[in-house]
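A.B. asks:
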Amino acid sequence: MPKKLPSDIQNSIKALLENGVDPAVIGKRVGVHRNTVNRYANKWIHDRIRKRGGRPSIVAESTRRYIKRQVLTGCLKTAKDVQMKLEELGHPMSYQSAINVLHSVEIYAEIKKKKPLLTEKHKKARLAWAKKHQYWTVHD
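Note that the sequence shown ends on residue 140 in full-length UniProt numbering; no numbers are left out.
1) When the Cα atoms are used, what is the spatial distance from P23 to R64?
2) Inspect the CB distances between the region 24–41 and the region 77–87 and report whether three or more fall short of 8 Å.
3) For a test of the three-state rule: what should DSSP assign to L17, helix, strand or coil?
4) Inspect the beta-carbon positions of I26 and L16 and report whether they are closer than 8 Å.
5) For a quick check, are the C-beta atoms of L86 and V59 less than 8 Å apart?
6) Could you pull out every residue in the same chain whose Cβ sits closer than 7 Å to the Cβ of V138, ignoring the five residues on either side in sequence?
7) Keeping to the same chain, check which residues put their C-beta closer than 8 Å to that of K14; ignore five residues upstream and five downstream.
8) Between T73 and the rest of its own chain, which residues show a CB-CB distance below 8 Å, the 5 nearest in sequence each way excluded?
So, in C-alpha cells, the structure goes:
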C-alpha cells in the first residue's frame, strides 16, 4: 500500500481539482505524479468528467456539421467531393480520412438498387399482358 500524502498536499490537490485544473498540471505544480492526482480525484469526486483519450481530431465539430449539411442538400455527392471541400477549408487529408469524417456524422455509402432495364418492347408486352388479364378473378 502506498504512503499517504501529507494533508497540506492533499488539500492543495483538492482545491486545484475543484477549480478545474488538469491533473497533469496539478501533478507538476504539487510535485506528485498525475496518476496520484487522478487516484485522489476518483476518491473525492465521484462524478467527474474526464477528457476524451486519443489523438485530437483535425476537423472541428462545426466543420463536420457543415459537411453533413452540404451532403444532405446535395452540394457534395461523393467522398472525393468531401475530400476536396475539406482541402479548400484548410484540412488536407486522405480519401479514407474524408470517408471517416462522413462516418463520424453518420453518413454511409449506399449501393444503388438494381432494377431491370425495360425497353419500349418490354413495356408494350407488359401492358398487353396486363390488359389481357385485366378481368381475371381468383377462380380463373
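The C-beta atom is built at its ideal place from N, Cα and C for all residues, glycine as well.
C.D. replies: Well, looking at it:
1) Residue 23 sits at position 23 when you count from the first residue of the sequence shown. Residue 64 sits at position 64 when you count from the first residue of the sequence shown. Each residue's CA atom was taken as its position, placing P23 and R64 some 30 Å apart.
2) The region 24–41 is not in contact with the region 77–87.
3) Locating residue 17 in the sequence shown gives position 17, counting from the first residue. Looking at L17 - three-state DSSP - the assignment turns out to be helix.
4) Mapped onto the sequence shown, residue 26 falls at position 26. Mapped onto the sequence shown, residue 16 falls at position 16. Cβ atoms of I26 and L16: closer than 8 Å.
5) In the sequence shown, counting from the first residue as 1, residue 86 sits at position 86. In the sequence shown, counting from the first residue as 1, residue 59 sits at position 59. With a cutoff of 8 Å on beta-carbon distance, L86 and V59 are scored as near each other.
6) The residue labelled residue 138 in the question sits at position 138 within the sequence shown. No residues qualify anywhere along the chain.
7) Numbered from its first residue, the sequence shown carries residue 14 at position 14. Beyond the five residues adjoining it in sequence on each side, K14 comes within less than 8 Å, by CB distance, of Y40 and W44 in the same chain, given in chain order.
8) Against the sequence shown, residue 73 aligns to sequence position 73. So the list is empty, once near-sequence residues are dropped.
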